[in-house]
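Colleague: In the working numbering, the protein residues as written are 4 to 124.
We put the CB at the ideal spot given by N, CA and C, even for glycine.
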């Protein structure tokens with residue numbers, strides 16, 4: 004079950020991602036200052052990235068309905084903490100050894116939560 008959730012998260016993220024190399028080229032070498040809590044435009048802030056990593060870890064640990072609930076709660080917390088979220092995050096795929104940039108939006112979180120809800124036995 005945990006592999007299914009990880010695959011789901013990666014698939015949802017990759018549907019709207021581009022290679023980090025392309026993203027770097029698009030910035031024309033300009034450095035961006037990122038607020039710790041930025042979430043409505045541009046790069047996601049540090050606190051959001053930490054919460055996304057935490058949610059991912061919760062979902063990787065899913066073995067039963069109780070741990071699935073913890074996974075769901077982690078994404079629900081992000082959705083509720085950052086209304087109208089629309090920022091860009093970077094994910095590193097260890098298997099592909101490549102970084103991907105993807106949009107974190109309210110719609111993406113809703114899709115993830117919908118998919119998690121459908122996994123209850």
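Are three or more beta carbon pairs between the segment 100–108 and the segment 59–74 nearer than 8 Å?
Modeller: Because the criterion of three Cβ pairs below 8 Å is not met, the segment 100–108 and the segment 59–74 do not touch.
Colleague: Please classify residue 41: is it buried, with 16 or more other beta-carbons within 10 angstroms of its beta-carbon, or exposed?
Modeller: buried
Colleague: Going by the beta-carbon positions, is the gap between residue 115 and residue 78 smaller than 8 Å?
Modeller: yes
Colleague: Buried or exposed for residue 119, please, with buried defined as at least 16 other CB atoms from any protein chain shown within 10 angstroms of its CB.
Modeller: Buried, because 16 or more other Cβ atoms sit within 10 Å of the Cβ of residue 119.
Colleague: How long is the line joining the alpha carbons of residue 109 and residue 86, rounded to whole angstroms?
Modeller: When rounded, the distance between both Cα atoms is 7 Å.
Colleague: When you compare only the Cα positions, how much space is there between residue 46 and residue 93?
Modeller: 9 Å
Colleague: DSSP on residue 77, reduced to helix/strand/coil?
Modeller: helix
Colleague: Per DSSP, residue 101 forms a beta bridge with which residues?
Modeller: 96
Colleague: Inspect the beta-carbon positions of residue 112 and residue 81 and report whether they are closer than 8 Å.
Modeller: yes
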